[in-house]
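Have a look at the structure below, then the notes.
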Ligand code: PLP
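In my numbering, the protein residues as written are 1101 to 1380.
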């Protein structure tokens, strides 16, 4: 298949898949999701993404009707069905199908599993990014990877309209994360990134970058940093599963970063090696 949609066991090309209107995701965004890249028909970091999915689901009381191994088997089988060996795998679990009502449906209503798979090459990790910024007006459950993404969409749209690649959220002066990424910096040889509290999504890519820094002897400081510190950082990273970790060269048209390219590229190169090794 060129691309694939899956809904509770039904498989079709994405444009042809029909889903019930009463899936609670339509009314409330009531569900959780994950996305990662596939190379050589192998799913990168599946275990970590499944861990986070079950954690997000648990935090909002959604019972996923499969074990992690069963869900891994479903996903591993589906990625074999798409022709391109390089894919973007997206999946979401929604609270189920029931007439619109804020109150959750009864426990016998089963959660729905949605999957889409599209051919996609990994974005050029060495491309330098331009970013803009926006006050982070989201709720206080940003650690849950829920489908309630309206403010993230507003931020991504702002970036698009400014000709930028990403929008940096900040609460007052404190940088939280990007519209669809985590933001980290290098300063004086230290990798600094927001701690994993309710203000940010605990990014899998961020977690891997921390592991890489530790392996490479780069100190890690999980402490919030300010917009001023971001402007004055030696390097700024935007990280997410679909782009791995890329460096930033401007914020609102002002040049930033670019002052510690060797250390930044070491992290990027180790990340690429990890990605290629695990999807060989
Ligand atoms: N933060 C937000 C709001 C995101 O949407 C994403 C990815 O989609 C990330 C961070 C990065 O997470 P990951 O590295 O797991 O893709």
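Just so you know, even glycine gets a beta-carbon here, dropped at the ideal spot from N, CA and C. Remember, it's a predicted structure, so these values are computed and weren't measured experimentally.
For residue 1241, the CB contacts under 7 Å within the same chain, skipping 5 residues up- and downstream, are 1298 in chain order.
For residue 1187, the enclosing beta strand (DSSP E) has its first and last residue at 1187-1194. Only residues of its own chain outside the window of five on either side were considered, and among them 1324 and 1326 have a CB closer than 7 Å to the CB of residue 1274, listed in chain order.
If you ignore the 5 residues before and after residue 1146, its C-beta comes within less than 8 Å of the C-beta of 1136, 1172, 1175 and 1176, all in its own chain and listed in chain order. DSSP assignment within the region 1277-1339 yields the following whole beta strand (DSSP E) runs of 3 residues or more, N-terminal first: 1282-1287 and 1290-1293. Annotation for residue 1254: the continuous alpha helix (DSSP H) segment containing it runs 1250-1261.
Excluding its 5 nearest sequence neighbours in each direction, residue 1210 has C-beta neighbours in its own chain below 7 Å: 1165 and 1196, listed in chain order. Excluding sequence positions up to five before and after residue 1237, its CB lies within less than 8 Å of the CB of 1251, all in the same chain and listed in chain order.
In the structure shown, residue 1144 adopts coil according to DSSP, grouped into three states. For the pair residue 1227 and residue 1308, the CB atoms are not nearer than the 8 Å cut-off. Around the C-beta of residue 1212, 16 or more other C-beta atoms lie within 10 Å, and the residue is accordingly described as buried. A heavy atom of the ligand PLP is found nearer than 7 Å to the CB of residue 1306.
Distance from the C-beta of residue 1301 to the nearest heavy atom of the ligand PLP is below 7 Å.
Of the heavy atoms belonging to the ligand PLP, at least one sits nearer than 7 Å to the Cβ of residue 1280. Taken through DSSP and simplified to helix, strand or coil, residue 1179 comes out as helix. The continuous beta strand (DSSP E) containing residue 1229 extends over residues 1229-1235. According to DSSP, residue 1269 shares a beta bridge with 1234. For residue 1156 and residue 1278, the gap between their C-alpha atoms comes out near 19 Å. For residue 1373, the enclosing alpha helix (DSSP H) stretches over residues 1361-1378. Cβ neighbours of residue 1343 within its own chain (closer than 6 Å, five residues either side excluded): 1223.
Going by beta carbons, residue 1296 and residue 1160 fall outside the 8 Å limit.
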